[in-house]
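Residue numbers (my numbering), protein chains in the order written: chain A, 1 to 109; chain B, 110 to 221.
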């Protein structure tokens, strides 16, 4: 069975502070990991995927297979980063995604 | 841009009613999904379809069924709505084996 754990329901930081949203997973094979984001009154959308090794809106995430983690990081938070963030995992089929419970990021001015 | 359209934004139904939630996508995606989104529980997969007339149960299929008669349309059916099915329902679509889901704007269902 595959599982995604996001231990923090809410993360509150000041503008300009570093951000790290935690994600741990459980999967016996080689997973593909994703971060999805939902801004206020917008649709849930893909932020980034580990296989692309890209930086989107200043966010990066590194897959650490030893620690089974895929934490999302940004060095300097902006107010527009305030949103709900979901970590997700897909198994070998690449189709069905299992989502975590989400972390709400609040960036204060 | 991929468009995933859910027919209703808000829906209020009574306990025991049969409820249909409709979803249409316009990008010829093979995969379609129904999730429910609840605070503190995240997104949970109800059903998944990888082709017309093909479906697979997700993590919480009890009390739900689905129909996919055409590639672009995926319907979620609550056979006899109950109060614990009050939730935000999200439809999504994707290309096979890509893992990038495109979501609809959601249907907030209240069962009274």
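Note that CB positions come from ideal geometry on N, CA and C, so glycine has one too.
Keep in mind that this is a model prediction, so the values were computed, not measured.
DSSP places residue 124(B) outside both helix and strand once states are collapsed to three, so it counts as coil. When C-alpha distances from residue 51(A) are compared across 42(A), 57(A), 64(A), 10(A), the shortest belongs to 64(A).
Excluding its 5 nearest sequence neighbours in each direction, residue 105(A) has C-beta neighbours in its own chain below 7 Å: 11, 19, 21, 81, 82, 83, 85, listed in chain order. Residue 209(B) and residue 78(A) have their C-alpha atoms roughly 25 Å apart.
The straight-line gap separating the alpha-carbon atoms of residue 43(A) and residue 109(A) is approximately 24 Å. Contact annotation for residue 157(B) against chain A: 95, 96 [CB-CB distance below 9 Å, chain order].
Counting along the chain, residue 197(B) sits inside the beta strand (DSSP E) bounded by residues 196-203.
The straight-line gap separating the alpha-carbon atoms of residue 138(B) and residue 185(B) is approximately 17 Å. Contact check for residue 98(A) and residue 37(A): beta-carbon distance about 17 Å, past the 8 Å limit, so the pair fails to qualify.
Going by DSSP, residue 140(B) is part of the beta strand (DSSP E) stretching over 140-147. Between the region 116-134 of chain B and the region 53-61 of chain A there are fewer than three inter-stretch CB-CB distances shorter than 8 Å, so the stretches are not counted as touching. A direct Cα-to-Cα measurement between residue 183(B) and residue 177(B) gives close to 5 Å. Counting only residues of its own chain and dropping the five nearest sequence neighbours on each side, residue 217(B) has a CB closer than 6 Å to the CB of 119, 197. Take the alpha-carbon of residue 121(B) and the one of residue 221(B): they are about 7 Å apart.
Take the alpha-carbon of residue 123(B) and the one of residue 158(B): they are about 28 Å apart.
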